[in-house]
Amino acid sequence: MKIEIRLFVWTAPFFVVVGVLYGLFTGFTEPVGYLGIPLVGALMAMIGAYLVVQAKHTDPRPEDDENGEIEQGAGDQGVYAPWSWWPLVIGAAAAAAFLGLAVGWWVFYIATIVGVIGLVGWVFEFSRGQHAH
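In terms of the numbering used here, the sequence shown opens at residue 1018 and continues consecutively.
Laid out in C-alpha cells, this is it:
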C-alpha cells in the first residue's frame, strides 16, 4: 500500500500549486480551472489520508516488501462469479441511462429500474441457484 499512499499524498500538493498557477496565468477570470484543479488536489489528499489510516490497521501486503517474491502473492484473490450475466445488464442499464439524458427522462427512469434489478441480481447471485452457499 506504500506506493498508493505516495501516489496520492505526493500529487495532492502538485494539483494545488498547478491550480494557483493556472489562476495567475489566466488572471482568475476562468473559475473552473483555478477552483477545480485544487479541488482535485483535495480529493487526492482525502484518498491518501484514507489509505494512510487503512495501512495502520492492515498487515503489509507482499507488494510492499522490496525483497518479496511473486509466490508471496499466491492464493485466493477474491470471488469471481462464473458465467454471470448481471454485469452485462448493469452495463446496458448504464448505457441506457446516459441515452436517457439525451433522449428523454422516461428512458432514464426505465434504465434506473433495470439497473437496480441488475444490481440486486448481481449482489444476490450466490444466494440461490447453482452457486448458492
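Beta carbons are placed, not taken as given, at the ideal position from N, Cα and C, and that holds for glycine.
Since the model is a prediction, treat every value here as computed from it, not as a measurement.
Please return the same chain residues whose Cβ sits closer than 6 Å to the Cβ of residue i, not counting the five positions on each side in sequence.
i	result
Gly1050	Tyr1039
Of the residues the options, which one's Cα is nearest the Cα of residue i?
i	options	result
Ser1144	Val1106, Val1120 and Ala1098	Ala1098
Phe1032	Leu1041, Pro1055, Ala1066 and Phe1042	Pro1055
Gly1022	Phe1115, Gly1108 and Ala1066	This sequence places Ile at residue 1022; Gly is not what is there. Nearest of Phe1115, Gly1108 and Ala1066 to Ile1022, Cα basis: Ala1066.
Gly1036	Thr1046, Ile1020 and Gly1053	Gly1053
Pro1079	Gln1071, Ala1072, Glu1088 and Lys1073	Glu1088
Ala1072	Ala1029, Met1018 and Leu1060	Met1018
Ala1111	Val1120, Thr1129, Phe1141 and Glu1083	Thr1129
Is it right to say residue i is buried, meaning 16 or more other beta carbons lie within 10 angstroms of its own, or is it exposed?
i	result
Leu1063	Per the sequence shown, the amino acid found at residue 1063 is Met instead of Leu. Classification of Met1063: exposed, given that the 10 Å Cβ count is below 16.
Gly1152	Only positions 1018 to 1150 of the chain appear in the structure, and residue 1152 is not among them; the question remains open.
Which same chain residues, not among the five before or five after residue i, have their C-beta less than 7 Å away from its C-beta?
i	result
Trp1027	none
Gln1094	none
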